[in-house]
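So the structure is just underneath, and the comments pick up after that.
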Ligand SMILES: Cc1cc2nc3c(=O)[nH]c(=O)nc-3n(C[C@H](O)[C@H](O)[C@H](O)COP(=O)(O)O)c2cc1C
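Residue numbers (the working numbering): 622 to 979.
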């Protein structure tokens, strides 16, 4: 391990993480907001930007997926930077791409707080954020102001944008609601991720059912083709780890039938298996569980998808170590995304994975 990575790893795990986990009275959401705001500021300061880059940079091998050239395999998962406030920062932390959002057609506050809980002994998180975001248009405007448009590389790395359903819109009207978000974000997205797998919007996961899935994906890919006939923006679909194999088959059939570019597996789980005894009370909190308790199931789902379709898979869920990343790639993932692992291990995890992958 290089001295730089050791500084970043030890500095985060021994100094910064304990401080962060205790600050704001231990409220993970407030810490998160501070982190995103700080990263947004640092990304705009050339000195800080260069320092972040120098400390975290580990060469990665580029890979082309769905016609997009990714400078490496490790990306940031959706939900970390919902409103794109730190869109320019992720490249400097070593990420090869970032998935912004999930945004919805209408701005919405999300669920009542508290709505994120650390399962520290289990290296997990339970969240029921409920798509709190300022809306698809606000994200599009922010990216436009930053000069970030599809394919222009202004964020330094490809950016995906995840779209979801506005809570107050009934599930039967979901297609129109997704299309509104799509229309706003598509000029800025290197790919669009269709989130039908958050457990925190009532009814959302029913959109993964065959018929509903086909209508939604069909409408979105048709709109992509209509808006850029020569080069439609790739559409990915993100699935839940709690689906059965026949349910996954239905999603894959709909995805293949409608020219979807790839699958993102997985979102958080409703299962509470794998929680350490001290975290057991979190089993009674509503929401989705992420992190180490999800590692094995997410990898299983990635393996299933990769072996039942030719569509490329982005593997996400419980990648806490470089070994987990390797196993996810071995299961068939072409690209990886991190959320909870980044919270527990810090930015050194990205470099460690790049080193492992090389
Ligand atoms: C606090 C929090 C918020 C999240 N928000 C979103 C979101 O808005 N959209 C989405 O597709 N996934 C969201 N996720 C799920 C992650 O993108 C990821 O799929 C999941 O956490 C599993 O990966 P992990 O174990 O590396 O965290 C969220 C996860 C967490 C912990």
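Backbone N, C-alpha and C define an ideal beta-carbon position, used for all residues, glycine too.
Item: Can you have a look at residue 890 and say buried or exposed, based on whether 16 or more other CB atoms are within 10 angstroms of its CB?; Value: buried
Item: Relative to the C-alpha of residue 900, which candidate in 839, 741 and 832 has its C-alpha closest?; Value: 741
Item: Check each candidate in 932, 633, 644 and 949 and name the one with the smallest Cα separation from residue 939.; Value: 949
Item: With DSSP collapsed to three states, give me the class of residue 656.; Value: helix
Item: CA-CA distance, residue 969 and residue 791?; Value: 42 Å
Item: In this structure, how does DSSP classify residue 872 when only helix, strand and coil are distinguished?; Value: helix
Item: As a quick exercise: from 666, 784 and 769, pick the residue whose alpha carbon is nearest that of residue 777.; Value: 769
Item: For ligand 1, I want to know if residue 940 counts as a neighbour, meaning its beta carbon is within less than 7 Å of at least one of the ligand's heavy atoms.; Value: yes
Item: For ligand 1, any of its heavy atoms closer than 7 Å to the Cβ of residue 651?; Value: no
Item: Which word fits residue 912, buried or exposed, when buried means at least 16 other C-beta atoms lie within 10 angstroms of its C-beta?; Value: buried
Item: Quick check: what's the CA-CA separation for residue 942 versus residue 795?; Value: 37 Å
Item: Any chance you could list the beta strand (DSSP E) runs of at least 3 consecutive residues sitting entirely within the segment 882-943, in chain order?; Value: 883-886, 909-912 and 934-937
Item: Using the DSSP secondary-structure output, state which residues sit across from residue 814 in a beta bridge.; Value: 783 and 857
Item: Thinking just about the alpha-carbon of each residue, which of 726, 764 and 634 is nearest to the one in residue 757?; Value: 726
Item: Would you say residue 914 and residue 895 are within 8 Å of each other, going by their C-beta atoms?; Value: yes
Item: Name the DSSP beta bridge partners of residue 727, please?; Value: None, per the DSSP bridge assignment.
Item: Note the first and the last residue of the continuous alpha helix (DSSP H) segment covering residue 971.; Value: 969-978
Item: Cβ-heavy atom distance between residue 743 and ligand 1 below 7 Å?; Value: no
Item: Whole angstroms are fine: how far does the CA of residue 829 sit from the CA of residue 850?; Value: 27 Å
Item: Indicate, with yes or no, if ligand 1 has a heavy atom lying under 7 Å from the CB of residue 656.; Value: no
Item: Taking only beta-carbon positions, decide if residue 778 is within less than 8 Å of chain B.; Value: Checking the listed chains, one finds no chain B in this structure; it contains a single protein chain.
Item: Should residue 720 go down as buried or exposed, given a rule of 16 or more other Cβ atoms within 10 Å for buried?; Value: buried
Item: If we call anything under 8 Å between Cβ atoms a contact, is residue 858 one with residue 885?; Value: yes
Item: How is the alpha helix (DSSP H) around residue 682 delimited, first residue to last?; Value: From DSSP, residue 682 is part of no alpha helix (DSSP H); its letter is neither H nor E.
Item: Could you tell me which residues DSSP puts in a beta bridge with residue 745?; Value: 740 and 912
Item: So is residue 793 buried or exposed if we call it buried at 16+ other beta carbons inside 10 Å?; Value: exposed
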